[in-house]
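Colleague: There's a structure below that I have some questions on.
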Amino acid sequence: MDYTSNAFKVIGGFFFLIGVFLIVVGTMGGEWPSMIWTMVSLGVLSFSMSYLYPQFKQKDERMKWIRHKAVFYSFFIIMGVMGVFHLMISLQVVVLSAVDLLNVLLALNIVTVFLTMVILARRY
1 MDYTSNAFKV IGGFFFLIGV FLIVVGTMGG EWPSMIWTMV SLGVLSFSMS YLYPQFKQKD
61 ERMKWIRHKA VFYSFFIIMG VMGVFHLMIS LQVVVLSAVD LLNVLLALNI VTVFLTMVIL
121 ARRY
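Numbering-wise, the numbering used here puts 105 at position 105 of the sequence shown, and it's gapless, one number per residue.
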């Protein structure tokens, strides 16, 4: 019996609990740590992998196509979001430090790639 899918769910729950803890502590302290977004995105990654693992295990042409298309679509989504961030930071609509911006972009990249894989796996 393969317990890998359940292990991904447990790990995802753990990451979400850490994210909720950081949100509560950050709210009480008055400033949110930038690691919140990374923890939540790792939770999304784990839950996505719990759904995708049985299909990824097969290593057939369909899964190779889904991986390829997910990265392809995610590239353009990330480029668009980076353009929006560039515009917002240039116009000083949003003021972010470099570390905060990198954490947000890392989290967005993780979430975008894996949710795109889930959407494509459900569709095809």
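For each residue, glycine too, the CB sits at the ideal point set by N, CA and C. Computed from a predicted model, the values in this text were never measured in an experiment.
Kindly indicate which three-state DSSP category Leu42 falls into: helix, strand or coil?
Modeller: helix
Colleague: Closer than 6 Å by C-beta to Ile110: which residues in its own chain qualify, once you throw out the five before and the five after it? Chain order, please.
Modeller: Ser41 and Leu45
Colleague: Can you tell me whether Glu61 is helix, strand or coil according to DSSP?
Modeller: Correct three-state label for Glu61: helix.
Colleague: Check each candidate in Leu108, Thr38, Leu17 and Gln55 and name the one with the smallest Cα separation from Phe85.
Modeller: Leu108
Colleague: For Ser74, I'd like the list of residues in its chain whose CB is within less than 6 Å of its CB, leaving aside the five on either flank, ordered along the chain.
Modeller: Thr112, Val113 and Thr116
Colleague: Rounding to the nearest angstrom, what Cα-Cα distance links Ile36 and Ile11 in this structure?
Modeller: Computed Cα separation, rounded: 16 Å.
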